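Here the structure is laid out as structure tokens; the discussion comes afterwards.
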Ligand code: SF4
Ligand code: SF4
Ligand code: SF4
Ligand code: FES
Ligand code: FES
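Chains as they are written, first to last, in the working numbering: chain A, 196 to 1113; chain B, 46 to 240.
Shown next as structure tokens:
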């Protein structure tokens, strides 16, 4: 028989038959995907198969008959994990398989409660659907032993289980292993005794579960679910939007009933997160209607906040701003936009500050996280954004993760990195802390905090020494290499080894692994940027990609893991004091003219203040008014005492917030903004993907969408700006920001578009495929320089404390602390190694007083092997601790990003304020 | 073992060591040599023999700390140990008697009087199958065919088969074990050494 059609020589089409009709096969596909592709999603029933998991083949419900010849003798095969054979004849619904399926389901039902009417997943249960489909009317088997008396597990704030409903399909186990990589769940026992376990027969609460919810979403019944009953169908509608908690940009499907958010699931068709989220995205939503939301504008009079109407508040602000502008000048006013707000809101905020106030004093929280990335990558590549996409992990051969604790801070990407490391391919982790990923990595270079530059210089040295540089790429696409090379070769590796504290042989191996991989990708986070040499380190990471030719293809590149959800967007939209929307320098006369014409306003040409400069200016009486949107600078910016003093020195301090944060308490006027559930717009994730945020619920009564607040005040101050709607603002943006040229609100689709988006609306997955914006990639050599903090204070304060994030909390914690996440992660803790703890007679759980030149805090000790002697680590999610009392405002020499990661300190067992609690 | 047994695995630590429990140096060497039989990175393959060694070393059963230690030694996830340990009936997840008697109850043995043997032992030890004597000496279990049908009825104590059973044979076996201080194990560590 001829099963191939020959079109041109050598190009063959492979065929197989479904019910005797020939169809074309795709390479490597299973019978199931083949049949589904032609006969529809429901053509074959399945139970153990799931969209985001590898085929498994445990339930056999997907069985089909397969013959080698038309109507020949058939064999029954599980279609989900059997590849289609060219020329085979598939009978997906023969009488035989129908009987078989029915029998399988009957057997399953002998051990199932059959209380569908009161079950959470009633009408959304895969077992129910399959039973209906195969036509089970009664169960012919006599009642035998069963597992119906299994106890429910309600121990966890979010996850629940009721294994009386378990059908042993293994989907949860596979989700936990293949998607999250947590290895919490497994099947124990055998035969009749087979049962799902969490850890060694423990509960969700006591297991290592990180509450990602992947297992609950994967479970076809309600055997594993969550307290929000996210698999029930009670909702009136489901709205798709984008998570606000980090730069991964997971798509969420939010179920709403009667205007109230019920639960959240992750859509499988989302390119970013394919059915996965972390607990912040999936479960930490209840902050949005928390009773502590601010619901009316507040004006502080004689030190107390008084409720005010919106008009009153607007009038008050407009009058004050006008007064300050006339009395002192526009430059006495500054704004800080928010990386949690939409692109449209960020655009409007900078437009307001520039075109209406008339100053370039606009910055955003990108300053305190990824400003060095933007700066460093602009210097080397000409564009300050991730060069590649996360999906490239599927094709790369090596990863290098530097200063990024992705499993906590970017959990969904973190899980993908973990899967990559688990696959056994070379993975390099550069981090002072033994982060989770380090346990799976091939190489963990555990350097002393603040020595990234020295360590990367070592890598260059060994790459050059081994002759592994990509000479063709260097010649064709870069400049400055010769000088760079000479400088590197001058370095003394013994000295570098001493500085970094990492064995040179290990560095050498890692360098060679990175340089010799056909495709290597790097990822970096705040452990790179929040240093005095942050920008330089970013340049080095970029140069590491240049020297090895790892740019401009799939599976390579430099990929900053952006912190907050829209840090990328805030910078893209021009919330920076030196560049306007689209990154054009405000000091360039040509750009200046373009901007003036576009905004129809007079604009200043001199750069504005960066955030740290704003605080200095205020203390010097050079700044009188500030406007901050959704950013708790008092809790999260370093050196709290100084920040608070600066804010107290202002005449007008406007804060747009959801909650009474530490910053809001200092405000003159508080305007109640709206959460991301209450607004529409776009967020741009860490891979330049502009995704649509859809309003899920109406803004809480009394609050307003932040974009509208800015529009209102612009109009109040005499600038005609149409009402906030993502459609019209996006249109305006696309006219000025070149890489947004083809972005249209109603064409974003479910997966958004990665900028640059051309006129025709086509996005870009990989940057720099042909050339760099700036022509050639630049090699820039930098010597390691010890942090000023350690030079000044290292003797007196011999410990180094570095700050980090915990999975459960987001930034200042204002949102996550108002969810059940606090039951999982209850307080900031101080990570300390056993050796140091013993030296100071500190036991696990003791309160420790950490003192730096700026102040002291009390924090509970957690003894761990994650940090080396001399190094401490903690978080600043809780105002009770206020860790930033001790952090320094030393900052990156170029971009002024503060050095949160290197703080000199001393420790002692606390006699302080928390003593009685211990 | 029935399901409730399984679900209530004991969290107790065996007397041989609390918390910092560890293989003896000798056993550790043995484990290392077993790991070496497999390609690098495939140390999980050494799991079954290691569990046998662990059970022999730590009082005839696998507690959670023991399984965690095995996971640590083999650099695998604790749950990977647990799923295997709970799968095989030869691993005990609860402390049992020093002498574990496993009587075959499958067809051949049954036809040749296994039931009477079981009742006889139950009466003598005053326990039911699945139970342990109060003095912690004996545990009685019934198991499926042990592949010794030609010499039915039969039972197994540790790695020893006792075949063509009669009541007298059973009595003398019980007497021997009663007066012994030994622990029945599935392995004579020498078997591992020879490989
Ligand atoms: S919630 Fe996530 S980590 Fe927890 S058991 Fe389920 S899949 Fe594993
Ligand atoms: S808990 Fe759910 S997903 Fe896991 S095996 Fe049981 S039915 Fe399948
Ligand atoms: S990984 Fe980031 S974007 Fe995704 S759900 Fe978690 S916090 Fe949200
Ligand atoms: S879906 Fe194929 S075996 Fe379960
Ligand atoms: S039936 Fe008892 S050994 Fe086979």
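Note that the Cβ used here is the ideal one computed from N, Cα and C, for glycine as well. Given the structure is predicted, the values throughout are model-derived calculations rather than measurements.
Contact list for residue i against chain A, beta-carbon separation under 7 Å
{"i": "residue 122(B)", "result": "378"}
{"i": "residue 112(B)", "result": "395"}
{"i": "residue 109(B)", "result": "395"}
{"i": "residue 175(B)", "result": "The contacting residues do not exist; residue 175(B) stays about 13 Å from chain A at best."}
Closest by C-alpha distance to residue i, when choosing among the options
{"i": "residue 741(A)", "options": "972(A), 717(A), 549(A)", "result": "972(A)"}
{"i": "residue 174(A)", "options": "975(A), 604(A), 823(A)", "result": "This structure gives no information on residue 174(A), because the portion of chain A shown stretches from 196 to 1113."}
{"i": "residue 461(A)", "options": "525(A), 607(A), 554(A)", "result": "607(A)"}
{"i": "residue 276(A)", "options": "826(A), 694(A), 242(A), 999(A)", "result": "242(A)"}
{"i": "residue 415(A)", "options": "445(A), 317(A), 494(A)", "result": "317(A)"}
{"i": "residue 199(B)", "options": "122(B), 151(B), 104(B)", "result": "151(B)"}
{"i": "residue 770(A)", "options": "547(A), 392(A), 1038(A)", "result": "547(A)"}
{"i": "residue 1094(A)", "options": "1100(A), 1102(A), 1085(A)", "result": "1085(A)"}
{"i": "residue 222(A)", "options": "982(A), 207(A), 941(A), 882(A)", "result": "207(A)"}
{"i": "residue 1081(A)", "options": "419(A), 1049(A), 994(A), 580(A)", "result": "1049(A)"}
{"i": "residue 618(A)", "options": "372(A), 397(A), 924(A), 1026(A)", "result": "372(A)"}
{"i": "residue 1163(A)", "options": "1030(A), 930(A), 669(A), 397(A)", "result": "Here chain A comprises residues numbered 196 to 1113, so residue 1163(A) is not present and cannot be evaluated."}
{"i": "residue 828(A)", "options": "1079(A), 785(A), 380(A)", "result": "1079(A)"}
{"i": "residue 125(B)", "options": "623(A), 264(A), 395(A)", "result": "395(A)"}
Chain B residues whose Cβ lies nearer than 8 Å to that of residue i
{"i": "residue 383(A)", "result": "51, 127, 128, 131, 132"}
{"i": "residue 405(A)", "result": "Under the 8 Å cutoff, chain B gives no residues; its nearest Cβ is about 14 Å from residue 405(A)."}
Under 8 Å between C-beta atoms of residue i and residue j
{"i": "residue 752(A)", "j": "residue 716(A)", "result": "yes"}
{"i": "residue 512(A)", "j": "residue 528(A)", "result": "no"}
{"i": "residue 1002(A)", "j": "residue 405(A)", "result": "yes"}
{"i": "residue 256(A)", "j": "residue 300(A)", "result": "yes"}
{"i": "residue 1201(A)", "j": "residue 226(A)", "result": "With chain A covering 196 to 1113 only, the question about residue 1201(A) has no answer from this structure."}
{"i": "residue 351(A)", "j": "residue 399(A)", "result": "yes"}
{"i": "residue 220(A)", "j": "residue 279(A)", "result": "yes"}
{"i": "residue 138(B)", "j": "residue 202(B)", "result": "no"}
{"i": "residue 585(A)", "j": "residue 611(A)", "result": "yes"}
{"i": "residue 1025(A)", "j": "residue 1055(A)", "result": "yes"}
{"i": "residue 1105(A)", "j": "residue 1053(A)", "result": "yes"}
{"i": "residue 936(A)", "j": "residue 953(A)", "result": "yes"}
{"i": "residue 915(A)", "j": "residue 519(A)", "result": "no"}
{"i": "residue 206(B)", "j": "residue 193(B)", "result": "yes"}
{"i": "residue 336(A)", "j": "residue 305(A)", "result": "yes"}
Where the beta strand (DSSP E) containing residue i begins and where it ends
{"i": "residue 502(A)", "result": "499 to 502"}
{"i": "residue 157(B)", "result": "Per DSSP, residue 157(B) belongs to no beta strand (DSSP E) and is neither H nor E."}
{"i": "residue 888(A)", "result": "884 to 888"}
{"i": "residue 530(A)", "result": "528 to 532"}
{"i": "residue 304(A)", "result": "Not the beta strand (DSSP E): residue 304(A) falls in the alpha helix (DSSP H), residues 290 to 304."}
{"i": "residue 307(A)", "result": "Careful: residue 307(A) lies outside any beta strand (DSSP E) and carries neither H nor E."}
{"i": "residue 421(A)", "result": "419 to 421"}
Residue i - containing alpha helix (DSSP H), residue span
{"i": "residue 383(A)", "result": "Premise fails: residue 383(A) lies in the beta strand (DSSP E), 380 to 383, not in any alpha helix (DSSP H)."}
{"i": "residue 792(A)", "result": "784 to 794"}
{"i": "residue 353(A)", "result": "Element bounds for residue 353(A): n/a, residue is neither H nor E."}
{"i": "residue 950(A)", "result": "No alpha helix (DSSP H) contains residue 950(A), which DSSP labels as neither H nor E."}
{"i": "residue 988(A)", "result": "983 to 988"}
{"i": "residue 476(A)", "result": "474 to 478"}
{"i": "residue 79(B)", "result": "70 to 80"}
Listed by chain order, chain A residues near residue i by CB distance under 8 Å
{"i": "residue 86(B)", "result": "619"}
Amino acids of chain B, ordered along the chain, whose beta-carbon sits closer than 9 Å to that of residue i
{"i": "residue 259(A)", "result": "The contacting residues do not exist; residue 259(A) stays about 30 Å from chain B at best."}
Partner residues on chain B for residue i, Cβ-Cβ distance less than 7 Å
{"i": "residue 303(A)", "result": "Those within 7 Å of residue 303(A) in chain B number zero; the least Cβ separation is about 18 Å."}
Requested in this report: Check whether the stretch 317 to 328 of chain A touches the stretch 336 to 348 of chain A, taking contact to mean three or more Cβ pairs, one atom from each stretch, closer than 8 Å.
Outcome: no
Query raised in the report: Are three or more beta carbon pairs between the stretch 827 to 839 of chain A and the stretch 576 to 589 of chain A nearer than 8 Å?
Result: Counting Cβ pairs under 8 Å, fewer than three are found: no touch.
Requested in this report: Could you say if the stretch 445 to 465 of chain A and the stretch 413 to 433 of chain A meet the contact criterion of at least three C-beta pairs nearer than 8 Å?
Outcome: yes
Report task. Say whether the stretch 652 to 659 of chain A touches the stretch 731 to 746 of chain A, bearing in mind that this needs 3 or more beta-carbon pairs closer than 8 Å, one atom from each stretch. Result -> With the cut-off at 8 Å, the stretch 652 to 659 of chain A and the stretch 731 to 746 of chain A touch.
Query raised in the report: For the stretch 156 to 171 of chain B against the stretch 180 to 188 of chain B, are there 3 or more C-beta pairs whose distance is under 8 Å?
Result: yes
Query raised in the report: Any contact of the stretch 488 to 507 of chain A with the stretch 749 to 768 of chain A, i.e. 3+ C-beta pairs under 8 Å?
Result: no
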